[in-house]
Amino acid sequence: MEVSEMSHRIIADLLLARTGQQITDSRKWRVGTALSGLFRERGITNIDQLVCLLADNHAGSLSQEVVEALLNNETYFFRDRIMFELLSSSVLPDLAAKRSGTKRISIWSAGCSTGQEALSLAMLFADQPERWKDWTIDIVGTDVSQRAINAAQRACFTQFEIQRGLSVTQMLSHFQETSAGWEPNDALRRMVRFKQRNLLDPAQIPHRFDLVLCRNVMLYFDASRRKKAFSRVADVTREDGWLMLGAGESVLGQTENFKAADGNQGLYVRSKPGEIARKSAPARGHSRSASR
79 MEVSEMSHRI
89 IADLLLARTG
99 QQITDSRKWR
109 VGTALSGLFR
119 ERGITNIDQL
129 VCLLADNHAG
139 SLSQEVVEAL
149 LNNETYFFRD
159 RIMFELLSSS
169 VLPDLAAKRS
179 GTKRISIWSA
189 GCSTGQEALS
199 LAMLFADQPE
209 RWKDWTIDIV
219 GTDVSQRAIN
229 AAQRACFTQF
239 EIQRGLSVTQ
249 MLSHFQETSA
259 GWEPNDALRR
269 MVRFKQRNLL
279 DPAQIPHRFD
289 LVLCRNVMLY
299 FDASRRKKAF
309 SRVADVTRED
319 GWLMLGAGES
329 VLGQTENFKA
339 ADGNQGLYVR
349 SKPGEIARKS
359 APARGHSRSA
369 SR
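Numbering-wise (the working numbering), the sequence shown opens with residue 79 and increments by one.
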């Protein structure tokens, strides 16, 4: 489906205004594909017709339907499994030691899509019932897409969805098959909750977390919004907390509030105040030359 430059700009501006996400030139091809289902439902024949309808209905339901269609909700259970193995072998034991007094761990799955990531986290705890006995595990999944959050709250997965990332043993241990689909058991449900939130809005994320998973989210922001998002994440991550990013994402050049965890690619820990101050201070030689 051809997308004219003007129509692309209008659609891209709508997504940016509603979510903070940008449609780069490399993703321009997705616009027509992402909107094809909406076109069929609405009887719309092309992008230009959609833009005209949006002009008459900018604050109405159509604009929100366009935004929802453009958001990428691709996810599956234990996506990038090696990262979950790192959580199980390194991060959770660290938090178990640090939180042994309170026996409470709070985790934020930012950009949780339809909930598979949050439920995968819950399974890490459920698979070690003796270790986590009497602990309170609070996993909060948020996403800018209301449609995705509605699906996460329903937590009813098709055969295709349940098989993506789960073994037969995991399926049968943590889910039950119903007439509607596969649903998580009560042990998982007690650990997870989902809310529609925008990562760029600090007022919407009032909690403090021991671990934040923000995978494949930052790549949709431009540089300024990415720095803002990292600042929001830092604000709600405890001083001894952890951050996990997606493959190809990094804090380098984006924020000084996190530093790479030793030997663990994709895992980061909060920088201590002194480290941030040293990074922010100008080099002495540079200061002298500037003052001459």
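Here a beta-carbon is modelled for each residue, glycine too, at the ideal position from N, C-alpha and C. All values reported here derive from a predicted model rather than from experimental measurement.
Measure the beta-carbon distance from residue i to residue j and round it to whole angstroms, keeping in mind my assumption that it falls under 8 Å.
i	j	result
Phe272	Pro262	Not quite, the Cβ-Cβ distance comes to about 12 Å (not below 8 Å), so this is no contact.
Ile283	Trp260	Their Cβ separation, rounded to whole angstroms, is 30 Å, which puts Ile283 and Trp260 out of contact at 8 Å.
Ile215	Ile183	6 Å
Met322	Leu291	5 Å
Phe238	Gln100	Not really, about 30 Å apart at Cβ, beyond 8 Å.
If you check the beta carbons only, do residue i and residue j fall under 7 Å apart?
i	j	result
Arg225	Glu152	no
Phe162	Phe155	no
Arg286	Arg242	no
Ala307	Leu277	yes
Val129	Ile88	yes
Val311	Gly189	no
Leu197	Leu266	yes
Gly319	Arg348	yes
Leu94	Leu148	no
Arg304	Gln332	yes
Cys234	Ala258	yes
Val270	Ile217	yes
Asp212	Lys176	no
Ser85	Ile125	yes
Leu202	Ser166	yes
Ser191	Asp221	yes
Which residue comes first and which comes last in the alpha helix (DSSP H) that contains residue i?
i	result
Gln194	Gln194 to Ala204
Cys292	Taken as a continuous stretch (DSSP letters only), Cys292 belongs to no alpha helix (DSSP H), being part of the beta strand (DSSP E) at Phe287 to Cys292.
Ile125	Ile125 to Asp134
Leu277	No alpha helix (DSSP H) holds Leu277; DSSP gives it neither H nor E.
Glu146	Ser139 to Leu148
Relative to the C-alpha of residue i, which residue among the options is closest?
i	options	result
Leu289	Ser245, Met249 and Phe336	Phe336
Gly39	Arg209, Ser251 and Leu199	In the structure displayed, the chain extends from 79 to 370; residue 39 sits before or after that span and is not available.
Asp340	Gln99, Gly98 and Leu164	Leu164
Gln206	Pro171, Gln194, Ala90 and Ser187	Pro171
Val314	Ala301, Asp279, Asn342 and Ser328	Asp279
Arg96	Asp134, Glu334 and Ser141	Ser141
Ala325	Ser309, Leu345 and Arg275	Leu345
Once DSSP output is grouped into helix, strand and coil, what is the label at residue i?
i	result
Lys176	helix
Tyr372	Nothing can be reported for residue 372: it is not among the residues displayed for the chain, which extend from 79 to 370.
Leu250	helix
Gly219	strand
Lys306	helix
Phe235	strand
Glu334	coil
Phe299	coil
Phe117	helix
Glu255	strand
Thr153	coil
Thr111	helix
Ala368	Confidence at Ala368 is low in this model, with a pLDDT of 41, below 50, so its placement is unreliable and no value can be given for it.
Thr102	coil
Ala355	Its pLDDT being 47, under 50, Ala355 is placed unreliably by the model, and the measurement read from it follows with that caveat. DSSP places Ala355 in helix when its eight states are reduced to three.
Ala265	helix
Could you spell out the range, first to last residue, of the beta strand (DSSP E) harbouring residue i?
i	result
Thr315	Thr315 to Leu323
Glu261	Trp260 to Pro262
Arg182	Arg182 to Ala188
Val270	Val270 to Gln274
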